[in-house]
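Following my numbering, the numbering of the sequence shown begins with 2 at its first residue and continues without gaps.
One structure is given below, encoded as structure tokens.
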Amino acid sequence: MTRHRARRQPAGKCALLLSMLLLTDGVLARSVLAEDDRIPKVSPAPQDAQQGWPSLQNLLNLPDWINLELDWTAEPMGGSNPSVNPAGAAAWMQQVVISSEFSRGLNKPTAQWQEFDHWKLALQLSSFSGNPNLNLDLGAAFPLQTTAHPVGLWLTEASLQRSAGQGNVTLKAGLLPLNPSFIENPSLDSYIHSALNNTLNLLIPGLPINPFVAPGAEVHWRPAASHEIRIGNYWLDSGTALASMLGVDPGQPDVRGTLQIVQWNLSRLPGSRTVADPIQSRQGPISRQLPPPLLQLGAFSTTASSDLAPAAANQGVYGSLTVPATLPLGLDNRLWVALSNGFNAEANPFPLFVAGGWLNQGLIPGRPLDVLAFGFGRTSFSPQLSPGTFEAVLELNYAISINAQLTVQPVIQWIANPGGGNAGPSAWAGGLQINLSL
Numbered sequence: 002m003t004r005h006r007a008r009r010q011p012a013g014k015c016a017l018l019l020s021m022l023l024l025t026d027g028v029l030a031r032s033v034l035a036e037d038d039r040i041p042k043v044s045p046a047p048q049d050a051q052q053g054w055p056s057l058q059n060l061l062n063l064p065d066w067i068n069l070e071l072d073w074t075a076e077p078m079g080g081s082n083p084s085v086n087p088a089g090a091a092a093w094m095q096q097v098v099i100s101s102e103f104s105r106g107l108n109k110p111t112a113q114w115q116e117f118d119h120w121k122l123a124l125q126l127s128s129f130s131g132n133p134n135l136n137l138d139l140g141a142a143f144p145l146q147t148t149a150h151p152v153g154l155w156l157t158e159a160s161l162q163r164s165a166g167q168g169n170v171t172l173k174a175g176l177l178p179l180n181p182s183f184i185e186n187p188s189l190d191s192y193i194h195s196a197l198n199n200t201l202n203l204l205i206p207g208l209p210i211n212p213f214v215a216p217g218a219e220v221h222w223r224p225a226a227s228h229e230i231r232i233g234n235y236w237l238d239s240g241t242a243l244a245s246m247l248g249v250d251p252g253q254p255d256v257r258g259t260l261q262i263v264q265w266n267l268s269r270l271p272g273s274r275t276v277a278d279p280i281q282s283r284q285g286p287i288s289r290q291l292p293p294p295l296l297q298l299g300a301f302s303t304t305a306s307s308d309l310a311p312a313a314a315n316q317g318v319y320g321s322l323t324v325p326a327t328l329p330l331g332l333d334n335r336l337w338v339a340l341s342n343g344f345n346a347e348a349n350p351f352p353l354f355v356a357g358g359w360l361n362q363g364l365i366p367g368r369p370l371d372v373l374a375f376g377f378g379r380t381s382f383s384p385q386l387s388p389g390t391f392e393a394v395l396e397l398n399y400a401i402s403i404n405a406q407l408t409v410q411p412v413i414q415w416i417a418n419p420g421g422g423n424a425g426p427s428a429w430a431g432g433l434q435i436n437l438s439l
């Protein structure tokens with residue numbers, strides 16, 4: 002029987018085949034790696050405050066076209082002025098705000114909006130309780146607390162709005178306050194003294210500074226992503242009646258007249274792009290708590306009269322600037338300055354206000370979401386309307402973020418020349434602000 006031997010492959014061909022397999026494997030491996038490199042890498046979510054409790058929206062299981070929020074703020078404070086109240090004085094003020102919005106577009110992407118989705122009804126009620134007169138007990142002209150307003154229930158907004166969506170014009174009409182939707186600077190929200198946490202201390206009688214409202218109309222036009230022009234007109238005749246309609250004694254006379262106001266906002270400033278991204282740290286990205294850079298310039302004109310004063314014109318300009326600062330302290334820093342200047346001292350009780358401050362995030366290691374705020378404000382008195390000269394405040398506070406809904410903010414204030422009379426020493430005050438949002 003003839004036996005057939007298996008043919009033996011030459012050694013050179015085996016080596017060549019092995020080399021081709023190895024080469025092919027390497028090419029495939031590099032191809033797979035190249036594909037992996039093209040897959041976008043998902044960045045971890047920045048560290049942010051966690052939700053502490055269910056929101057009012059979720060508790061009531063409201064439909065998508067309703068947005069309901071409740072905000073509670075308490076400000077227990079005390080202080081001393083040796084020349085007025087050597088034993089000291091203390092007061093507790095608190096505020097409850099219920100805000101509601103009604104719109105079919107509330108929970109829709111703006112790209113999917115139809116015309117009806119742009120329109121929104123907004124209603125807000127605010128209740129104040131406690132003792133709003135701590136500043137008077139310490140001889141100071143301006144309230145030491147943000148919540149120090151006449152006690153009772155206020156209607157603080159009732160408006161119809163057309164949101165811009167992906168357009169560039171927002172319209173508002175109804176019973177409106179000037180702040181927070183018009184001239185309030187977000188940097189000033191970090192402070193507690195009313196001269197700092199306010200609309201640049203514009204205290205002309207009759208102006209609809211929250212909680213006061215007046216019938217008005219606003220147009221917000223954004224010609225470019227970084228520019229916004231706001232124009233507003235308010236009718237002041239019913240401001241006092243609206244404040245007292247729910248039983249509040251607003252403490253101001255009836256005012257008759259109108260207010261015209263215009264403001265330009267610029268958000269594209271040096272450092273804007275850098276601070277638009279989360280803070281990078283060894284523990285991962287951290288959400289920024291400080292406001293973005295912003296320049297605001299505005300002007301107003303009002304002609305008003307009351308039972309206590311004849312008709313008089315009041316014009317003025319105002320502005321503020323917030324910029325990022327590179328400092329070797331904490332994780333993020335902002336510096337800000339602000340000014341309001343009235344041209345009619347015979348009708349404006351406080352014609353000049355200048356202020357500035359520093360905001361810092363993450364100063365204390367292990368507390369990346371806390372914010373320290375240091376601010377100074379000086380208000381000049383009208384020589385025609387007051388015997389005083391000026392009152393100034395220096396404030397230092399530290400906002401402790403408990404969770405996304407609860408913040409505790411210890412504060413200390415130094416009031417120079419309280420009451421503006423140049424007659425006594427400075428006053429001191431300290432306390433807390435506790436804020437809960439649901």
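Ideal Cβ positions, reconstructed from N, Cα and C, are used throughout, including at glycine.
Quantities reported herein were computed from a predicted structural model and do not represent experimental measurements.
Alpha-carbon spacing of residue 337 relative to residue 321, whole angstroms: Within the sequence shown, numbered from 1, the residue matching residue 337 stands at position 336. Within the sequence shown, numbered from 1, the residue matching residue 321 stands at position 320. Taking the straight line joining both Cα atoms gives about 7 Å.
Inter-residue spacing [alpha-carbon to alpha-carbon] between residue 373 and residue 361: Along the sequence shown, one-based indexing puts residue 373 at 372. Along the sequence shown, one-based indexing puts residue 361 at 360. Residue 373 and residue 361: Cα-Cα distance of roughly 5 Å.
Beta-carbon proximity check, residue 305 vs residue 345, cutoff 8 Å: Counting from 1 along the sequence shown, the entry for residue 305 is found at position 304. Counting from 1 along the sequence shown, the entry for residue 345 is found at position 344. In this structure, residue 345 does not lie closer than 8 Å to residue 305 by Cβ.
Local Cβ density within 10 Å of residue 291, reported as buried at 16 or more and exposed below that: Counting from 1 along the sequence shown, the entry for residue 291 is found at position 290. The residue is buried, with at least 16 neighbouring Cβ atoms inside 10 Å.
Residue 164, DSSP secondary structure in three states: Sequence index remark: in the sequence shown, residue 164 carries index 163 (1-based). Of the three classes helix, strand and coil, the one that applies to residue 164 here is coil, per DSSP.
Contiguous beta strand (DSSP E) assignments of at least 3 residues, all confined to the region 75-104: Counting only runs of 3+ residues, the beta strand (DSSP E) found wholly inside the region 75-104 occupies 86-103, in chain order.
Paired residues, beta bridge with residue 327 - DSSP: Within the sequence shown, residue 327 is the residue found at index 326, counting from 1. Its beta-bridge partners do not exist; DSSP assigns none.
Limits of the unbroken beta strand (DSSP E) element including residue 291: Residue mapping note: residue 291 aligns to position 290 of the sequence shown, counting from 1. First-last for residue 291: undefined, no H or E at that position.
C-beta atoms of residue 69 and residue 52 nearer than 8 Å: Position 68 of the sequence shown, counting from 1, holds the residue named residue 69. Position 51 of the sequence shown, counting from 1, holds the residue named residue 52. No, the pair does not count as a contact, with Cβ atoms beyond the cut-off.
Between the CA atoms of residue 220 and residue 199 - distance to the nearest angstrom: Position 198 of the sequence shown holds residue 199. Position 219 of the sequence shown holds residue 220. Their Cα atoms are separated by approximately 22 Å.
Residue 424 to residue 256 span [Cα, whole Å]: Along the sequence shown, one-based indexing puts residue 424 at 423. Along the sequence shown, one-based indexing puts residue 256 at 255. Their Cα atoms are separated by approximately 33 Å.
Residue 264 - containing beta strand (DSSP E), residue span: Here residue 264 is taken as the residue at index 263 of the sequence shown, counted from 1. Counting along the chain, the beta strand (DSSP E) containing residue 264 begins and ends at 256-267.
Classification of residue 318 by the beta-carbon crowding that lies within 10 angstroms, buried from 16 upward: Residue mapping note: residue 318 aligns to position 317 of the sequence shown, counting from 1. Under this definition residue 318 is an exposed residue.
Cβ distance (whole Å) where residue 90 is taken to contact residue 139 below 8 Å: Here residue 90 refers to the residue found at position 89 when the sequence shown is read from its first residue. Here residue 139 refers to the residue found at position 138 when the sequence shown is read from its first residue. About 6 Å; that satisfies the 8 Å criterion.
Buried or exposed (CB count within 10 angstroms, at least 16 for buried), residue 343: Within the sequence shown, the letter at position 342 stands for residue 343. Buried, by the Cβ-count rule.
As assigned by DSSP and simplified to three states, the class of residue 147: Mapped onto the sequence shown, residue 147 falls at position 146. Residue 147: coil per DSSP, three-state reduction.
Close beta carbons around residue 100, own chain, < 6 Å, minus the five adjacent residues each side: What you label residue 100 is simply residue 99 of the sequence shown in a count that begins at 1. Same-chain partners within the cutoff: 70, 125.
Buried versus exposed, by CB contacts within 10 Å (16 or more), residue 262: For this step, residue 262 is matched to residue 261 along the sequence shown. Its Cβ being crowded by 16 or more others within 10 Å, residue 262 is buried.
Outcome for residue 275 when other beta-carbon atoms lying within 10 angstroms are tallied against a minimum of 16: Here residue 275 refers to the residue found at position 274 of the sequence shown. Residue 275 is classed as exposed because its beta carbon has fewer than 16 other beta carbons within 10 Å across all chains shown.
Residue ranges of each beta strand (DSSP E) within the region 180-254, 3 or longer: Counting only runs of 3 or more, we get 215-225, 228-236.
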